[in-house]
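**Student:** Under the working numbering, the first residue of the sequence shown carries the number 433, and numbering increases by one thereafter.
All C-beta atoms in this analysis are idealised placements derived from N, C-alpha and C, irrespective of residue type, glycine included.
Just so it is clear, the structure is predicted and the values come from calculations on it, not from any experiment.
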Amino acid sequence: MTAAELKSCTQAAAEAISPEALALWHAKQGNWDAAHNIAQDIHTKMGSWIHALLHVIEGDQWNADYWFAKAGKPSHGPKEIDKLWEEIAGVVLS
Numbered sequence: 433m434t435a436a437e438l439k440s441c442t443q444a445a446a447e448a449i450s451p452e453a454l455a456l457w458h459a460k461q462g463n464w465d466a467a468h469n470i471a472q473d474i475h476t477k478m479g480s481w482i483h484a485l486l487h488v489i490e491g492d493q494w495n496a497d498y499w500f501a502k503a504g505k506p507s508h509g510p511k512e513i514d515k516l517w518e519e520i521a522g523v524v525l526s
């Protein structure tokens, strides 16, 4: 599955893939709470990276920066949300 396919897939299709991809799918659908709940249960650097993205989307940059640091990734701001989503999705789906 590609990032473009993930964006447009159904919830049933999204649920058949990894929790990381499902969190990204929910984020793209505007389901922040669902995405955040999933990300909180992913105790890896990838989970932290997704968690960081979600806090950027939320507008909580301080919290996002904490999660970027836990993920070992550079910080990104609100102007980079779509680019960051694409980057993370590319890694998750590879």
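Closer than 8 Å by C-beta to G509: which residues in its own chain qualify, once you throw out the five before and the five after it? Chain order, please.
**Tutor:** V488, Q493
**Student:** Taking the alpha helix (DSSP H) that P510 belongs to, which residues open and close that run?
**Tutor:** Taken as a continuous stretch (DSSP letters only), P510 belongs to no alpha helix (DSSP H), as it is neither H nor E.
**Student:** Could you check if S440 is buried or exposed, using at least 16 other CB atoms within 10 Å of its CB as the buried criterion?
**Tutor:** Per the 10 Å Cβ criterion, exposed.
**Student:** Within the continuous alpha helix (DSSP H) that includes N469, where are the two ends?
**Tutor:** N469: member of the alpha helix (DSSP H) spanning 464-472, first to last residue.
**Student:** Between I482 and A501, which are expected to be in contact by the criterion C-beta below 8 Å, what is the C-beta distance as a whole number of angstroms?
**Tutor:** Their Cβ separation, rounded to whole angstroms, is 14 Å, which puts I482 and A501 out of contact at 8 Å.
**Student:** My output table needs one value for A445: the three-state DSSP class, helix, strand or coil.
**Tutor:** DSSP places A445 within a helical segment (H, G or I) once states are collapsed to three.
**Student:** Just curious, the alpha helix (DSSP H) that H487 is in, first and last residue?
**Tutor:** 477-490
**Student:** Quick check on E490: buried or exposed, where buried means 16 or more other Cβ atoms within 10 Å of its Cβ?
**Tutor:** Per the 10 Å Cβ criterion, exposed.
**Student:** If I follow the unbroken alpha helix (DSSP H) through L438, where does it start and stop?
**Tutor:** 435-440
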